[in-house]
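Asker:
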Amino acid sequence: MSSSSLTSHNNKHHSTRLHATATATAVAVPSNLSRQNLATSTSAPSISIRHITPTVKVRNQPKSALANMWREIQGASDWANLMEPLHPLLRAEIIRYGELVTACYKAFDLDPRSKRYLNCKFGKSRMMEETGLGHSGYTVTKYIYATPDIDMPTCCSRWIGYVAVTTDEKEIKRLGRRDIIVSFRGTVTSAEWVANFMSSLTPARFDPHNDRPDVKVESGFLSLYTSDDSSAKFTTGSCRNQLLSEIARLINKYKDEEISITLAGHSMGSSLATLLGYDLAELGLNRDASGRKIPITVYSFAGPRVGNLGFKERCEELGVKVLRVVNVNDPVTKLPGVFLNENFRSLGERFELPWSCSCYTHVGVELALNFFKMNNPACVHDLEAYLGLLKCPAQMAKIKTEGEDIFSKLKDFISKQGLDNAWRFEAAALQLGNLVQSLNI
Numbered sequence: 001m002s003s004s005s006l007t008s009h010n011n012k013h014h015s016t017r018l019h020a021t022a023t024a025t026a027v028a029v030p031s032n033l034s035r036q037n038l039a040t041s042t043s044a045p046s047i048s049i050r051h052i053t054p055t056v057k058v059r060n061q062p063k064s065a066l067a068n069m070w071r072e073i074q075g076a077s078d079w080a081n082l083m084e085p086l087h088p089l090l091r092a093e094i095i096r097y098g099e100l101v102t103a104c105y106k107a108f109d110l111d112p113r114s115k116r117y118l119n120c121k122f123g124k125s126r127m128m129e130e131t132g133l134g135h136s137g138y139t140v141t142k143y144i145y146a147t148p149d150i151d152m153p154t155c156c157s158r159w160i161g162y163v164a165v166t167t168d169e170k171e172i173k174r175l176g177r178r179d180i181i182v183s184f185r186g187t188v189t190s191a192e193w194v195a196n197f198m199s200s201l202t203p204a205r206f207d208p209h210n211d212r213p214d215v216k217v218e219s220g221f222l223s224l225y226t227s228d229d230s231s232a233k234f235t236t237g238s239c240r241n242q243l244l245s246e247i248a249r250l251i252n253k254y255k256d257e258e259i260s261i262t263l264a265g266h267s268m269g270s271s272l273a274t275l276l277g278y279d280l281a282e283l284g285l286n287r288d289a290s291g292r293k294i295p296i297t298v299y300s301f302a303g304p305r306v307g308n309l310g311f312k313e314r315c316e317e318l319g320v321k322v323l324r325v326v327n328v329n330d331p332v333t334k335l336p337g338v339f340l341n342e343n344f345r346s347l348g349e350r351f352e353l354p355w356s357c358s359c360y361t362h363v364g365v366e367l368a369l370n371f372f373k374m375n376n377p378a379c380v381h382d383l384e385a386y387l388g389l390l391k392c393p394a395q396m397a398k399i400k401t402e403g404e405d406i407f408s409k410l411k412d413f414i415s416k417q418g419l420d421n422a423w424r425f426e427a428a429a430l431q432l433g434n435l436v437q438s439l440n441i
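Quick note: the sequence shown, position 253, residue 253 per full-length UniProt numbering, numbers continuous.
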């Protein structure tokens, strides 16, 4: 097993990046929401997090440990002094939130014969238990649906994730606060793949009082977040309206308590999580009864770029904290903006180039992993591979040979549904990303 030292740098025009070598992305505000109404080659895997024990048992942490430093773990100080080496509590929290995202895939119904086809298999009261997270201490309060505004026969509302809140008193005590979590799955349907590759920047315009034309986001992700499907079977309203309404309700319900808003997603889901974090902060909805700001933290797994430099700077100004967990061999994390990105904005870091405003830029602090398997290249984007590496670097090879990764299952589903054209988009992205990686771009 080879390892390299962790390095971290912070630059005004670049997201913070921490490397760990391892075999181990104009809408109106809902009328019922306002600030006043509120009185979220084969190489073995390796990781250079050197002195952390291989296995993680979150429940074995002292009850007061996380409660005493939860704000730091959630990024209050941009994870300073927690990343190099990776702090055991932070590592455990990354895994815990990753598993809450994995639950989306486990619960997603891919059986075309099912009445819940392309929706959640389980009712809200059963979902945590059915996906192996009955011990998590969270209760699901709402399912979230989304649809991109794309003219395709298969384009309709699909289950995209859930909102949950800690209700178990022991877990609330261990966490040191009541946590509102929104969890998003990644891309599955053909319409979602097309949305992913729309790849053009457009103003977000979330604040009705200030257009902020310089704050731009990827149009496909924005479409998925804001579009409404009037024919939806299980819900009404856009993904955005569903989320803002439910989070506002929960904040109001627990307004006299210590609260955190945590948004977690994989791939496309991490883009929605980032958009939601920015949206909540821009509207000022993350306030408790005393007017104090409720911290918003995004755990992004294998996420693409979401917006431009203006978006990144506005997120930082609003205090939205984003921790990006990426595999350096994962091409999705290099999209969109393979060529127009934060690395090509300036000349010698002194002179801004004319196209700088059209460059995509990553947001937040990056924890970079490094793993790849020649006989299973799709594993570079697999969420379970990410978590397997973090849980136990030495077991990475075993995990990938004994278990079929989620990404491969979804590929098989798409091919069976005759959506090969959509998958070719993804395959092209994989090839382009590998080329970019080989050229060290």
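Just so you know, even glycine gets a beta-carbon here, dropped at the ideal spot from N, CA and C.
These figures come from a predicted structure and were not determined experimentally.
#1: Expressed to the nearest angstrom, what Euclidean distance is found between the alpha-carbon atoms of P85 and Y117?
#2: For K255 and F372, I'd like the C-alpha separation in whole angstroms.
#3: Identify whether D179 lies in helix, strand or coil by the three-state DSSP scheme.
#4: Going residue by residue through the stretch 300–344, where are the continuous beta strand (DSSP E) segments of at least 3 residues, counting only ones entirely within it?
#5: Rounded to whole angstroms, what's the CA-CA distance from P336 to V320? Just pull it up for me.
#6: By DSSP, does W79 sit in helix, in strand, or in coil?
#7: Roughly how many whole angstroms lie between the Cα atoms of E366 and G137?
#8: Less than 8 angstroms between C-beta atoms, sequence neighbours within five positions excluded: which residues of the same chain meet that for K121?
#9: Output the distance between the C-alpha atoms of S125 and R205, rounded to the nearest integer angstrom.
#10: Nearest CA to the CA of S271: which residue from V380, I160, L100, K253?
#11: With a cut-off of 8 angstroms on the beta carbons, I'd call I95 and L390 a contact; round off their distance for me.
#12: Between which residues of its own chain and E171 is the CB-CB distance below 7 angstroms, once the five residues before and five after are set aside?
#13: What span of residues does the beta strand (DSSP E) with K216 cover, start to end?
#14: Assign T401 to buried or exposed, taking buried as 16 or more other Cβ atoms, counted over all protein chains shown, within 10 Å of its Cβ.
#15: What is the DSSP secondary structure of H266, counted as helix, strand or coil?
#16: Kindly indicate which three-state DSSP category Y225 falls into: helix, strand or coil?
#17: Report the option in I144, Y145, N370, C104 whose CA atom is closest to the CA atom of L128.
#18: Contact defined as beta carbons within less than 8 angstroms: I believe Y97 pairs with T262. What is the distance between those atoms, to the nearest angstrom?
#19: Exposed or buried, what is K216 when buried is set at 16 or more other beta-carbons lying within 10 Å of its beta-carbon?
#20: Where does R96 sit, in a helix, a strand or coil, going by DSSP?
#21: Would a C-beta distance cut-off of 8 angstroms place H362 and S267 closer than the cut-off?
#22: Per DSSP, T166 is paired with what?
#23: Alpha carbon to alpha carbon, how far is L90 from F221? Give it in angstroms, no decimals.
#24: My assumption, with CB atoms under 8 angstroms, is that L100 sits in contact with L133. Please give the rounded CB distance.
#25: In this structure, how does DSSP classify S201 when only helix, strand and coil are distinguished?
#26: Might you give, ordered along the chain, the residues of its own chain that have their beta carbon closer than 6 angstroms to the beta carbon of R240, omitting 5 neighbours on each side?
#27: For the alpha helix (DSSP H) containing L244, name the first residue and the last one.
#28: With distance defined between alpha-carbon atoms, name the residue in K253, H209, S77, V298 nearest to S183.
#29: The alpha helix (DSSP H) spanning S125 covers which residue range?
#30: Report the three-state DSSP secondary structure of G388 (helix, strand or coil).
#31: According to DSSP, A146 sits in a beta bridge with which residue or residues?
#32: Taking a contact to mean a Cβ-Cβ separation below 8 angstroms, would you say R212 touches G269 in this structure?
#33: Can you check DSSP and say which residues form a bridge with T361?
#34: From Y278 to P377, what does the alpha carbon distance come to, in whole angstroms?
#35: How long is the line joining the alpha carbons of I251 and N329, rounded to whole angstroms?
Answerer: Put simply:
#1: 43 angstroms
#2: Computed Cα separation, rounded: 45 angstroms.
#3: If DSSP states are grouped into helix, strand and coil, D179 belongs with the strands.
#4: 321–327
#5: 21 angstroms
#6: coil
#7: 28 angstroms
#8: A107, F108, D109, S114, E130
#9: 36 angstroms
#10: I160
#11: 5 angstroms
#12: G137
#13: 216–218
#14: Summary for T401: the model assigns pLDDT 41, below 50, so the residue's position carries little reliability; its value from the coordinates is reported in the next sentence. With fewer than 16 other Cβ atoms within 10 Å, it is exposed.
#15: Strand, per DSSP.
#16: helix
#17: Per the sequence shown, residue 128 should be read as Met rather than Leu. If we check each option's Cα against that of M128, C104 comes out closest.
#18: 6 angstroms
#19: buried
#20: helix
#21: no
#22: Y138
#23: When rounded, the distance between both Cα atoms is 28 angstroms.
#24: 7 angstroms
#25: Strictly speaking, residue 201 in this sequence is Leu, with Ser absent from that position. Reduced to three states, the DSSP call for L201 is strand.
#26: Y225, T226
#27: 239–253
#28: V298
#29: From DSSP, the alpha helix (DSSP H) with S125 extends over 124–130.
#30: Reduced to three states, the DSSP call for G388 is helix.
#31: Looking at the DSSP output, A146 bridges to R158.
#32: no
#33: G307
#34: 33 angstroms
#35: Distance from the CA atom of I251 to the CA atom of N329, rounded to whole angstroms, is 39 angstroms.
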